[in-house]
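Protein chains: 2
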Amino acid sequence: MDEFKFIDSIKQNTYKQPSLLKGIGDDAAVFRQNYQDVVTAVDTFVENVHFSRKTMDPYHIGYRVLAANISDMAAMGATPAYYMISIVIPENWSESELQQIYQGMDRIASTYKMDLIGGDTVGGSELVVSITIIGFVDKQKARYRSTMQDGDVLFVTGTLGDAAAGLHLLTSDKNDLVQDNNYLIDRHRLPTPRVAFAQALSTLERVTLNDISDGIANEASELATASNLTVQLYYEKLPKHPKLKQFSSEQQRAFQLFGGEDFELVGSVPQKDWDSVLQAAKKTAVKISEIGNVLYEPNGSNNVFLIENGKKHVLEKGGYTHRS
Amino acid sequence: MDEFKFIDSIKQNTYKQPSLLKGIGDDAAVFRQNYQDVVTAVDTFVENVHFSRKTMDPYHIGYRVLAANISDMAAMGATPAYYMISIVIPENWSESELQQIYQGMDRIASTYKMDLIGGDTVGGSELVVSITIIGFVDKQKARYRSTMQDGDVLFVTGTLGDAAAGLHLLTSDKNDLVQDNNYLIDRHRLPTPRVAFAQALSTLERVTLNDISDGIANEASELATASNLTVQLYYEKLPKHPKLKQFSSEQQRAFQLFGGEDFELVGSVPQKDWDSVLQAAKKTAVKISEIGNVLYEPNGSNNVFLIENGKKHVLEKGGYTHRS
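Protein chains in written order, with the UniProt record's numbering: chain A, 1 to 324; chain B, 1 to 324.
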């Protein structure tokens, strides 16, 4: 298919973001942001590495890759505003499938009034979708991983392990199980970034946030390392969706600790602000759970400890790591 | 190779850009730009579509893909500030080759004091390098393609067809020719975006600019279409490097009109500002040539005419178009 024809077909006629001066159609896009800081990230997804057509339709692929990027904005406390798409398309993908990828992106982009402001479409041997996302955050309110402090309450949104369980069901041969588990499957295919919740925390002076793309063990380790502190997680406090209980306890444990791509937020606040976090969760209709705490240990810094059945041991990050 | 290890290896210890608040190391980068507009674009390059290891070392690949993006900034009148890299790496690429790609990017990034603020490295079956570039431009000074006016002088920087001739030499079997033509070959491998020249035009109220990534016939057509005017090019006025004269006149013609990736700038200004353009070129040591003019023709809008040997005919864009 023709690159320019495709770009024309997805070019927006009107801009949703008031800061946008020029979207698609020149050498670059231009926007003006005088009052907030600009937040940006890029994320790349390769077919059969990060997703598979066996478990997702093109629509889901588009939806999910943009959701993952929006989740990065949530993890920074930022509001998503713009995105750019770079797609490498193999010959065996049709124009209609490509349009479906775009429709999936457009669906979730519309939710956040995001504008598509650039992109590049090229041929290649395997499908690669790379998204650049741009958002805005009030000055001094970007939420960094390195800001945890001794005594913080550790919390997580939603329930853990759902997306991994959904993927497990999709790759099993038991079709009857799939039919009964649309909730878990949608958590894999159509994840919900926690943007509104993160925004509702904007009045707080200090919140540490990370999004769960690679499993809570891995994300907690990133927080502990960046803040040079110890994180303690209580296994029994990890929020679990009732649908997860159909699996063995070993499976549940693996899904909850190491299952990637729930796109929930894990973070910490000072004890004094915990009530405000509960209020923010209530206001944005997001489930919130206290799952542990942050502390300074002279010999335990950068570690994550899991307390399970009353026993405490080091939790290796061991979550899903994108292979390269 | 390990994604995180590689990102660590290319993470900068200090920031060059004063507007950068957070570079690599969190869910996203953060910067603050209250005085200028933000300009951004993404460009994707696939091995054996956009470049080949037969004609470029990994260092050249890195240099050239970032140069192409910087050229987009020049074409907007913007100053490049940041870039993010997404790389899909096949197994047959070594860590050392990957480092060389990065070194090529770092070389040209250093010239412009750009910071690398994000990226993603994943495995796949073919090499894909996708660059997001972010720059800044003074308010009301972004240079759009749609702003040409009747009576404008059409100009181009540098010489045309050099990069196409260099690529032609590299893919020919005549090694002796290659050795005598380092200039043309470097124009293919290590192109020079015209950032300083475009910045030197910033005092002018209206300048239309486009960079030559796909051949002047194609770029002139983009300008004519965007501005809804006619562009006239004089073939004999197209700037030619002496090294080009070793080729047949048919080859020279093809290289000059349709050869892509010289990354020169083509543009137009009102006649009254032509002296200022000459001054800007002199100040930045860039060759500048008047190559035609812009006019309104009731039945000729959106067209590009070529005047060659005193005869005028429609120039089809026919430049190199990335296939998809």
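Ideal placement from N, C-alpha and C gives every residue a C-beta, glycine not left out.
- With contacts defined by Cβ atoms closer than 8 Å, V231(A) and G292(A) form a contacting pair.
- E126(B) and V88(B) have their alpha carbons spaced roughly 7 Å apart.
- About 7 Å separates the beta carbons of A28(B) and M73(A), which is inside the 8 Å limit, making them a contact pair.
- Contacts with chain A at 8 Å (Cβ-Cβ) do not include M56(B).
- Nearest neighbour of S94(B) by Cα position, chosen from P58(B), K11(B), N299(B), turns out to be P58(B).
- The three-state secondary structure of Q12(A), taken from DSSP, is coil.
- Distance from the Cα of N303(A) is smallest, within the candidate group D273(A), E222(A), P90(A), N69(A), for E222(A).
- The C-beta of A280(B) has 16 or more other C-beta atoms within 10 Å across all chains shown, which makes the residue buried.
- Your pair P239(A) and V153(A) does not check out as a contact, with CB atoms roughly 15 Å apart and the cut at 8 Å.
- Not a single CB atom of chain A sits nearer than 8 Å to the CB of G267(B).
- Taking a 10 Å sphere around the C-beta of V65(A), we find 16 or more other C-beta atoms and assign the residue as buried.
- DSSP places T225(A) in the uninterrupted alpha helix (DSSP H) bounded by 216–227.
- Taking each of S71(A), Y83(A), V38(A) in turn and checking the Cα distance to K16(A), the smallest one comes out for Y83(A).
- Residue burial annotation: Q256(B) is buried, with at least 16 other C-beta atoms found within 10 angstroms of its C-beta.
- Taking one beta carbon from each stretch, the segment 261–278 of chain B and the segment 184–204 of chain B have 3 or more pairs nearer than 8 Å; the two touch.
- A Cβ of chain B is located within less than 8 Å of the beta carbon of Y144(A).
- In the DSSP assignment, T40(B) falls within the unbroken beta strand (DSSP E) covering 36–46.
- Contact between R143(A) and M76(A) holds, since their C-beta atoms are separated by about 6 Å, short of 8 Å.
- Proximity of chain B to L21(A) at the Cβ level (cut-off 8 Å) is accounted for by D37, A142, in chain order.
- A distance below 7 Å between beta-carbons, with the five flanking residues on each side excluded, links E308(A) to the following residues of its chain, in chain order: Y235.
- Distances from the CA of Q140(A) to each of N210(A), R189(A), I61(A), Y35(A) were compared; the closest alpha carbon is that of Y35(A).
- According to the DSSP secondary-structure assignment, A29(A) is paired through a beta bridge with T40(B).
- When Cβ-Cβ separations below 8 Å define contact, D152(A) makes no contact with chain B.
- Take the alpha-carbon of I134(B) and the one of M114(B): they are about 9 Å apart.
- E297(B) and V38(B) have their C-alpha atoms some 35 Å from each other.
- A residue is called buried once 16 or more other Cβ atoms fall within 10 Å of its Cβ, and Y112(A) is buried on that count.
- Remark: C-beta atoms of I10(A) and Y102(A) approach each other more closely than 8 Å.
- Straight-line spacing of the CA atoms in E261(A) and A285(B) works out to 52 Å.
- Taking C-alpha positions only, Y63(B) is separated from L229(B) by approximately 35 Å.
- V195(B) is positioned such that its CB atom lies no closer than 8 Å to that of I117(B).
- Contact annotation: P193(A) and A67(A) have beta-carbon atoms nearer than 8 Å.
- Beta-bridge partners assigned by DSSP to M105(B): none are found.
- Sequence-distant Cβ neighbours of I288(B) in its own chain, meaning closer than 7 Å and more than five residues away, are F155, T157, V277, L278, A281.
- Approximately 6 Å separates the beta-carbon atoms of P90(A) and G124(A); this is inside 8 Å, confirming the contact.
- With a threshold of 8 Å between beta carbons, F31(B) makes contact with chain A.
- Positions of the alpha helix (DSSP H) runs, each at least 4 residues long and wholly inside the segment 267–303 of chain A, are given as 274–283 in order along the chain.
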